[in-house]
Structure formats: C-alpha cells, structure tokens
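Mapping of the sequence shown onto our numbering: residues 1204 to 1767, in sequence order.
These notes are about the structure you will find just below.
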Amino acid sequence: MGPNGIHIVRAGVPPIAARGPVGHRRSLWLAACGAGHVFVGRIRRLRVRCRWRKAAQPDRGGACRVGHRRNGTQARCRGAGSGRADRTGAGKVDWSAQVQLGSLSRRPRLAAVLCLVLGFSVACSGRSGATITPSTSPSPSVPASPSPGLGFDWPEYHQNPARTGVGPGTPALGSPREAWRTPFDGDVYASPLIVSGHVLVATENNSVYSVDLFSGSVVWMQHLGAPVDASSLACGDIGPVTGITGTPAVDVTAGRLYVVAFLRGYHHVLFTLSLVDGSVVAQQSVDPPGSVPAVQQERGALAIGYGRVYVPLGGLYGDCGNYHGYVVAVPVAGGAMLVYRTPVAEEAGIWNPAGPALAVTGAVYVVTGNGSSTRSFGYSNSVIELTPDLQVRSFFAPSNWQALDASDSDLGSVGATLMQQLGVVVTIGKQGVAYLLKADQLGGVGGQLASRAVCAGAWGGTAWLGSMVWVPCSDGLVALSITQTSIGVVWRAAPHMASPIIAAGAVWAIDADAGLLYAMDISSGAVLYKASVGMAHHFSTPAASEGFIVAPAGRAVVAFSTAS
C-alpha cells in the first residue's frame, strides 16, 4: 500500500492467474457477461442473456474475487486452489448466449450480427446454446455488415473496450454529405464518442462538450481547468497547450463520462462527469507515486471494465526525462487505485492512442514502447496480459527487442487487436512486422505463432471483423487475413497512418496529412467516397452511429450523413 492509500502493483515474474469468474461493470460491452455471471441487458426490444456453464471446474490458483450480478446479488468464485488455472478442454468455460426477440427464428440475422459487432467469445447461432468453433480457414472472412441498427452508441475508443472498431451496418452507404461542422475551444486529438444522440468531444484546452448528433449544436460544455503550456515542457509535439489527449470513456448505464485532464502545475486528474449536464461528479489524481508528471503523457484511450476505469500513461514525444509506462486502475465505486509500472529503468511507455484492450476472459492487454536499457529485459516493446487487478499473467516480446529498444522502433505504436473468437492477439509496431499470438498465453520472448512483414510501419488503432484486420500503416491502410496460424495480406489502400473503423458497409479512415476522410470497400479497398475534413491531427479516428460518421478535424468536429 503506497502513500495516500494507493495500492501499487509492481512488475515481477509473470504469474499464471486463474481465469475464474470476474466482476464486471453492468453495462460492459452492452451484453458481454463475465464468467460466473448471469446478466440480462436490453437493447430496445432485444434481450441478451449470457450464462456461465460449468462443465468441469478448473483449479483456480490465487485469490478469488467477488463479482456482482445485475440485481445486486453477489456471484462468488469457488474452489480456489493452489495450482494454476487449467487451460485445457476439461477446465474451459463453456459460453452460451441467448438472443431473444420473441421467436429467435424470426430474426436470426440480428443475433448473428450482434456477436460479430461485439466480437466476443460467446457462442451464437439461430438457436440458444449452439456453439461456434474458431475457424482456421485460410480464406478471409468478411461477414455481412452488421444489420439492422441497434440504436447504436459509440461510448469508447473504437466503440468498446475490446477496440473492435465496428459500428452499425445500416443505413447502407448511399451518397454521403457533410451534415454539420462545429468548432471548439482547442485542438481535438481524442476520438469523438456518441451516446444517446449526443456527440462527446474533448479538447486540449481541457474542455468537454456534448453536441447534438443531428444538428451539431452544443448542448453543454464543461471546462475542467487550465491546461499545461506546451512551452514549459521539456519535449512534446502537442501545442500551444496540452490538456485532454486520450479518448474518454462512457459508462452508459451509469450516465457517467470519465476523462483525464492534464492541469497546469503538471497534474493528471481523472474527472467523472454527468452525461446530463456535464457537471463534475468526482475527481481523482491518477499520477502514480514516484512518477514525474511533467514528463508523463496520457495519450492512450481510457477503458471501462471489471468495475474499474483503466488509464494508460507513457512519455512525451521525444522521450525526455525519467518517464515510465503505467496502467492505473480506478474503481468506479471509489476506493484505492491500483498501479502497474513497467520494470525497466526508464521509458517503455504505454502511449498508443487505442490504450488498453479488455477481453471478456478477464484480461487487460497493453503494448509498450522502447525502453532505456538494452541489457536486461524489462517488458519494453512487449504485449503484456494483465489481470483486472494489474498482475502480469503473460507477455510477448519479439526476439529482437534489444534492437527495437536501441532504434526507438516501438512495438507499442499500435494497440493490441483481440480476435477473441479465434483465441488470438495480433500486434504490429513501427517496424511493420505483424505478430500472431495465442491470447491466453502470449508466448514470452520470440514465442509468436506466426509473423510477417506487412508494411513500412504502423501507428494508431486497428479495426477487425470476422477474420480480417485493418492496420494503419505509414505507407497506406493494409487489410490482413488472420487464421489461428497465419497472417495474409488482402489489400492495400491510399490513406496512411489512418486508424480505421467499419460502418455502413465500408472501412472509414482519416488521412491526417491530406486532411481527407475515406470510405473504402471492405473486401477490396476500392475508394467509395472521399471528403475533406480540413486540418486533422495524427492518430485521428472517427466514430459511427446510425447514419452518421463523426470525425475530428483540428479544432472542430465534422459529421457526415452516410445515407442517400
């Protein structure tokens, strides 16, 4: 227990923690249920029910945690033992999902689509209880665009804590047009969010706005405090001021928005705002004990899950000062925050804009940048699988991690891609080499399932659907076909360093240097639509709702109507 009641989790030998029941936020991914839970969520008239079906209980090493069902009763894990969790078939959690709209046979397509959109390891079919076996087909699978609309929200970076980047498929792409453009009081680096017909925008001036999705008019604005003068920092590439850089996250059920502001005096503060009027409900410092906040940057997106808000921290552009890679976990119900720090002497920041990616299996995945030492391994240039309470469960690093450290060739320039139905993680960094990893045991140093050089280098966040992953490379957007053993290149397209999303039957991405928003064919990469957004910052990525694509554009946000 550190000062001010802060619980600090230090890196050590990666233990293999039990994958038993984990407490989840009630609204986590709309209808994703943690193992050991029974959760019923409604999306309009849609009811989704997830059950944890116990075939054979695995031996659960380590302490069990108490979760909560939606009705407030507790769901406890049982049978804690001294061994590690059984990852073989005998101890697997058997997932099933029931999607009920009266008779399911009347709307089988909606049930299948819901599973594709959310990208979770639940078994879905036209009838309850059926299972899907992960595909190993070498040919790319591009499912039909998600349809029909579900009153779609976009409450986190790339829609959900798993960072799938998939939005509604309807209405289909017609003749897009600019619907509105709204200016703000500072630069917009964070992705816009969309909740209940409102666009939520955060600026480097430490202001948060709620804007009407249909008109672009401002509903409310909350200024959280003076930002930091960029000229006072030792390095960096955001100016003239730096305030809110990382994409906020929304707990839709609770009606709360979580956002980290960098305040004058060099303080990173997590604010909780009401979605109704923007009023501040709570605030808490997220500067880890012993850190130097003036050289730490909160660029990565926040993630909500397991009853916590996860906040990543890295360094400023230029790698100045004694900074570290951190993940801070703040309980949404209040209480001591947890802190994970990469153990390398300096650096190894967690800075990519996608931030942590959360899996329904009870895992938090982060990817780190280069470290200061090339002698002893300290989780630099690594994918790290953490438990919800920030214990290291497994990791992966390329066998050339020392060379990556020495050349500032971060693996952590792109967030982890969780292809949960295949049981794999895809990662790629500045060298443009994609690595295929086993999700529940990342493999250690050089332990990838497959690897392939696919582009000149990648920066930002990915999107995935079916067996395809779209990667924001410096020499153009690249579509990959993924199996459990291989990586294939399907197509390449023009926009470069453009973090993509999938919506209205197309791939959308912003080429920041050109100031253009592209819509591309999912299967071929052919350009379907192109429009100017004006100025856009590096790593800019759009958000989607039914009939709209919303894109950051420098000190403004522009919305495009996608229907005819």
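Where a beta carbon is used, it is the ideal one built from N, C-alpha and C, also for glycine.
#### Entry: Three-state secondary structure assigned by DSSP to tryptophan 1662
In the sequence shown, residue 1662 corresponds to position 459, counting from 1. It is coil, neither helix nor strand.
### Close Cβ partners of glutamine 1486 (< 6 Å) along its chain, the five nearest in sequence each way excluded
Walking along the sequence shown from the start, residue 1486 turns up at place 283. Excluding the 5 residues flanking it on each side, glutamine 1486 has same chain C-beta neighbours closer than 6 Å at Val1472, Phe1474, in chain order.
### Message
In this structure, how does DSSP classify leucine 1319 when only helix, strand and coil are distinguished?
### Response
If you number the sequence shown from 1, residue 1319 lands on position 116. At leucine 1319, the pLDDT of 41 sits below 50, so the modelled position is not reliable; the number obtained from the coordinates is stated separately. For leucine 1319, the secondary structure class from DSSP, reduced to helix, strand or coil, is helix.
### Message
Using 8 Å for Cβ pairs, my map puts valine 1570 next to threonine 1630. What's the rounded Cβ distance?
### Response
Your numbering for residue 1570 matches position 367 in the sequence shown. Your numbering for residue 1630 matches position 427 in the sequence shown. Distance from valine 1570 to threonine 1630 at the Cβ level is roughly 6 Å; contact confirmed, criterion being Cβ atoms closer than 8 Å.
### Task
Assuming glycine 1370 contacts phenylalanine 1355 (C-beta within less than 8 Å), just tell me the rounded distance between them.
Within the sequence shown, residue 1370 is the residue found at index 167, counting from 1. Within the sequence shown, residue 1355 is the residue found at index 152, counting from 1. Taking a contact as a CB-CB distance under 8 Å, the pair glycine 1370 and phenylalanine 1355 counts as one, their CB atoms being some 6 Å apart.
### Message
Quick check on DSSP: helix, strand or coil for alanine 1609?
### Response
Against the sequence shown, residue 1609 aligns to sequence position 406. Correct three-state label for alanine 1609: helix.
### Query
Where do the ends of the beta strand (DSSP E) carrying threonine 1385 lie?
The sequence position of residue 1385 within the sequence shown is 182, counting from 1. That run of the beta strand (DSSP E) goes 1380-1386.
### Short Cβ contact (7 Å threshold) for alanine 1405 with valine 1462
Walking along the sequence shown from the start, residue 1405 turns up at place 202. Walking along the sequence shown from the start, residue 1462 turns up at place 259. Cβ atoms of alanine 1405 and valine 1462: closer than 7 Å.
### Task
Using DSSP bridges, identify the partner residues of glutamate 1825.
Only positions 1204 to 1767 of the chain appear in the structure, and residue 1825 is not among them; the question remains open.
### Three-way DSSP call (helix, strand, coil) for serine 1616 in this model
The sequence position of residue 1616 within the sequence shown is 413, counting from 1. Helix, per DSSP.
### Query
Which of helix, strand or coil does DSSP assign to tyrosine 1821?
The chain is shown only over 1204 to 1767; residue 1821 falls outside these bounds and no answer can be derived.
### Query
How many whole angstroms separate the CB atoms of glycine 1449 and alanine 1393, which I take to be in contact at a CB cut-off of 8 Å?
Locating residue 1449 in the sequence shown gives position 246, counting from the first residue. Locating residue 1393 in the sequence shown gives position 190, counting from the first residue. Between glycine 1449 and alanine 1393 the beta-carbon gap is near 6 Å, inside 8 Å, which marks them as a contact.
### Query
tryptophan 1232 to valine 1567, Cα distance in whole Å?
One-based indexing of the sequence shown puts residue 1232 at position 29. One-based indexing of the sequence shown puts residue 1567 at position 364. Any reading at tryptophan 1232 must be qualified, since the residue scores a pLDDT of 36, below 50, and its modelled position is unreliable; the value itself is stated next. Their Cα atoms are separated by approximately 14 Å.
### Task
Just the C-alpha distance for threonine 1576 and glycine 1524, rounded to the nearest angstrom, thanks.
As a working note, residue 1576 is residue 373 in the sequence shown. As a working note, residue 1524 is residue 321 in the sequence shown. Just to set this straight, residue 1576 is serine in the shown sequence, not threonine. The straight-line gap from Cα to Cα measures roughly 14 Å.
### Message
If I measure Cβ to Cβ from proline 1374 and keep anything under 6 Å in the same chain, skipping five residues before and after, which residues do I get?
### Response
Within the sequence shown, numbered from 1, the residue matching residue 1374 stands at position 171. Cβ neighbours of proline 1374 beyond the five flanking positions: Gly1750, Ala1766.
### Message
By DSSP's criteria, leucine 1460 is part of a beta bridge. Which residues make up the other side?
### Response
Looking up residue 1460 in the sequence shown gives position 257. Looking at the DSSP assignment, leucine 1460 forms a beta bridge with Val1453, Leu1476.
### Delimiting residues of the beta strand (DSSP E) encompassing valine 1563
Position 360 of the sequence shown, counting from 1, holds the residue named residue 1563. Careful: valine 1563 lies outside any beta strand (DSSP E) and carries neither H nor E.
#### Entry: Complete beta strand (DSSP E) runs within the segment 1618-1658 (minimum length 3 residues, chain order)
Within the segment 1618-1658, the complete beta strand (DSSP E) runs of at least 3 residues are 1620-1622, 1627-1631, 1636-1641, 1653-1656.
### Query
When you compare only the Cα positions, how much space is there between alanine 1759 and isoleucine 1397?
Taking the first residue of the sequence shown as position 1, residue 1759 is located at position 556. Taking the first residue of the sequence shown as position 1, residue 1397 is located at position 194. Between alanine 1759 and isoleucine 1397, the C-alpha separation is close to 16 Å.
### Query
Who are the Cβ neighbours of arginine 1655 in its own chain at under 6 Å, not counting the five residues just before and after it?
For the purposes of this step, residue 1655 is taken as residue 452 along the sequence shown, with counting starting at 1. These residues qualify, in order along the chain: Ala1637, Ile1690.
### Message
Tell me the rounded alpha-carbon separation between alanine 1497 and proline 1755.
### Response
Counting from one through the sequence shown, the residue named residue 1497 turns up at place 294. Counting from one through the sequence shown, the residue named residue 1755 turns up at place 552. Separation of alanine 1497 and proline 1755 (C-alpha to C-alpha, rounded to the nearest whole angstrom) is 26 Å.
### Task
Would you decide whether threonine 1445 is buried or exposed? Buried here means 16 or more other CB atoms lie within 10 Å of its CB.
Taking the sequence shown and counting its residues from 1, the one referred to as residue 1445 is at position 242. By the neighbour-count rule (16 or more Cβ atoms within 10 Å), threonine 1445 is buried.
### Message
Tell me which residues share the same chain as alanine 1734 and place their Cβ nearer than 6 Å to its Cβ, disregarding the 5 neighbours each side in the sequence.
### Response
Translated into the one-based positions of the sequence shown, residue 1734 becomes position 531. The beta carbon of alanine 1734 is closer than 6 Å to those of Leu1720 in its chain, skipping five residues each way along the sequence.
### Task
Check glutamine 1594 in the structure and name its three-state DSSP category.
Here the question's residue 1594 lines up with position 391 in the sequence shown. Per DSSP, reduced to three states, the secondary structure at glutamine 1594 is coil, with no helix or strand assignment.
#### Entry: Proximal residues to asparagine 1408 (C-beta, below 7 Å), its chain only, five neighbours per side dropped
The sequence position of residue 1408 within the sequence shown is 205, counting from 1. Closer than 7 Å at the Cβ level, and outside the excluded window around asparagine 1408, lie Asp1388, Gly1389, Pro1430, Val1444, Gly1446.
### Query
With respect to the beta strand (DSSP E) encompassing alanine 1709, which residues constitute its N-terminal and C-terminal limits?
Sequence index remark: in the sequence shown, residue 1709 carries index 506 (1-based). Where alanine 1709 is concerned, the enclosing beta strand (DSSP E) starts and stops at 1709-1714.
### Query
Can you list, in chain order, the residues of its chain whose CB lies under 7 Å from that of methionine 1700, leaving out five sequence neighbours each side?
Translated into the one-based positions of the sequence shown, residue 1700 becomes position 497. Hits under 7 Å: Trp1662, Gly1663, Pro1675, Ser1677, Ala1715, His1741.
### Task
Give a yes or no on whether the C-beta atoms belonging to glycine 1574 and glycine 1581 are separated by under 7 Å.
Counting from one through the sequence shown, the residue named residue 1574 turns up at place 371. Counting from one through the sequence shown, the residue named residue 1581 turns up at place 378. Taking the C-beta atoms as reference points, glycine 1581 is found nearer than 7 Å to glycine 1574.
### Message
Let me make sure I understand the geometry here. Which of Gly1650, Ser1597, Glu1549, Trp1423 has the alpha-carbon closest to that of serine 1579?
### Response
As a working mapping, residue 1579 is identified with position 376 in the sequence shown. When each option's Cα is compared against that of serine 1579, the closest is Glu1549.
### Query
What are the boundary residues of the beta strand (DSSP E) that alanine 1762 is part of?
Taking the sequence shown and counting its residues from 1, the one referred to as residue 1762 is at position 559. Boundaries of the beta strand (DSSP E) harbouring alanine 1762: 1759-1764, taken from the DSSP string.
### Query
Which residue comes first and which comes last in the beta strand (DSSP E) that contains leucine 1589?
Along the sequence shown, one-based indexing puts residue 1589 at 386. Where leucine 1589 is concerned, the enclosing beta strand (DSSP E) stretches over 1586-1589.
### Message
So, at 6 Å on beta carbons, what are the nonlocal neighbours of arginine 1459 in its own chain, with the 5 sequence-adjacent residues on each side left out?
### Response
On the sequence shown, position 256 is the one that residue 1459 refers to. The beta carbon of arginine 1459 sits closer than 6 Å to the beta carbons of Thr1475 from its chain, once the five residues preceding and following it are set aside; these are given in chain order.
### methionine 1540 versus glutamate 1381 - alpha carbon distance
As a working note, residue 1540 is residue 337 in the sequence shown. As a working note, residue 1381 is residue 178 in the sequence shown. When rounded, the distance between both Cα atoms is 43 Å.
### Among Thr1590, Asp1592, Leu1589, Leu1683, the one whose alpha carbon lies nearest that of glycine 1635
On the sequence shown, position 432 is the one that residue 1635 refers to. Nearest C-alpha to glycine 1635: Leu1683.
### Spatial neighbours of valine 1547 in its chain, beta-carbon cut-off 7 Å, leaving aside the 5 residues before and after
The count along the sequence shown starts at 1 and reaches residue 1547 at position 344. Annotation for valine 1547: Gly1574, Ser1575, Ser1576, Gly1581, Tyr1582, Ser1583 place their beta carbon closer than 7 Å to its own, counting only its chain and skipping 5 residues before and after.
### Task
For tryptophan 1604, name the three-state secondary structure that DSSP assigns.
Here residue 1604 corresponds to residue number 401 of the sequence shown, with the count starting at 1. For tryptophan 1604, the three-state secondary structure derived from DSSP is helix.
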